[in-house]
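Visitor:
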Amino acid sequence: MSAISRTVVNYFKRYSRKEWRDYFFSTHFIGPVANWGLPIAALADLKKDPEKISGYMTTALFVYSSVFMRFAWKVNPRNLLLFACHFANTNAQAAQLVRFVNHHYLKIFEDPYFKNKLTNAELLVA
Numbered sequence: 002m003s004a005i006s007r008t009v010v011n012y013f014k015r016y017s018r019k020e021w022r023d024y025f026f027s028t029h030f031i032g033p034v035a036n037w038g039l040p041i042a043a044l045a046d047l048k049k050d051p052e053k054i055s056g057y058m059t060t061a062l063f064v065y066s067s068v069f070m071r072f073a074w075k076v077n078p079r080n081l082l083l084f085a086c087h088f089a090n091t092n093a094q095a096a097q098l099v100r101f102v103n104h105h106y107l108k109i110f111e112d113p114y115f116k117n118k119l120t121n122a123e124l125l126v127a
């Protein structure tokens with residue numbers, strides 16, 4: 002058995018099965034796992050049309066994740082799984098906010114996933 006595998010096995014032997022079961026069925030695990038839907042959805046939306054981004058909702062999700070990221074760090078014991086989830090969501094929402102502000106107000110750069118598509122009415126006139 003290699004040294005790495007021995008280290009991993011010894012780490013898991015240190016804790017009883019009951020302790021692991023208590024952790025996996027606690028809010029310190031289930032809550033963050035359920036919350037991972039938010040950053041996954043935000044990351045998937047990065048490739049979608051910026052016209053469909055809601056500025057209000059993106060701002061609300063950015064603030065929400067920022068607050069709960071701090072909470073996850075300050076709560077005792079620290080919930081690093083929740084922190085990682087909200088860290089990822091804060092960054093994804095920040096990217097969405099940049100896309101929203103750029104598309105609607107600044108127009109500094111062209112969004113690589115947004116192509117100006119002609120509508121059916123414009124196609125008939127052209």
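Be aware that the sequence shown starts at 2, since it is given in the numbering used here, and climbs by one per residue. Even glycine gets a Cβ: it sits at the ideal position worked out from N, Cα and C. Computed from a prediction, not measured in an experiment: that's the story for all the values here.
Taking the alpha carbon of T60 as the reference point, which residue from R15, K14, H105 and F101 has its own alpha carbon closest?
Guide: Here the question's residue 60 lines up with position 59 in the sequence shown. When each option's Cα is compared against that of T60, the closest is F101.
Visitor: Given F69, which residues of its chain have a CB within under 6 Å of its CB, disregarding the five upstream and five downstream residues?
Guide: Indexing the sequence shown from 1 puts residue 69 at position 68. Within the same chain, F69 has close Cβ partners H87.
Visitor: Excluding the 5 residues preceding and the 5 following R18 in the sequence, name in chain order all residues of the same chain whose CB lies nearer than 8 Å to its CB.
Guide: Along the sequence shown, read from residue 1 onward, the residue named residue 18 stands at position 17. The answer is none, since no qualifying residue turns up.
Visitor: Can you check which of these residues, F72, V99 and N92, is closest to L107 by C-alpha distance?
Guide: Looking up residue 107 in the sequence shown gives position 106. L107 has its Cα closest to that of V99, out of F72, V99 and N92.
Visitor: As an exercise, report each continuous alpha helix (DSSP H) stretch of at least 4 residues that is fully enclosed by the stretch 11-94, in chain order.
Guide: 18-25, 28-36, 38-46 and 56-75
Visitor: Excluding five sequence neighbours on each side, which residues of the same chain lie with their C-beta closer than 7 Å to the C-beta of S67?
Guide: Start at 1 with the first residue of the sequence shown, and residue 67 comes out as number 66. So the list reads T91, once near-sequence residues are dropped.
Visitor: Leaving out the 5 sequence neighbours to the left and right, which residues in its chain are closer than 7 Å to A89 when beta-carbon positions are compared?
Guide: Taking the first residue of the sequence shown as position 1, residue 89 is located at position 88. Result list for A89: P40, in chain order.
Visitor: Helix, strand or coil for S3? Go by DSSP, reduced to three states.
Guide: Residue 3 sits at position 2 when you count from the first residue of the sequence shown. Three-state DSSP puts S3 in coil, outside helix and strand.
Visitor: Judging by CA-CA distance, which residue of L81, I109 and K48 is the nearest neighbour of F115?
Guide: Against the sequence shown, residue 115 aligns to sequence position 114. With distances taken between Cα atoms, F115 lies closest to K48.
Visitor: Using three-state DSSP, classify F101 as helix, strand or coil.
Guide: Locating residue 101 in the sequence shown gives position 100, where the first residue counts as 1. In the structure shown, F101 adopts helical secondary structure according to DSSP, grouped into three states.
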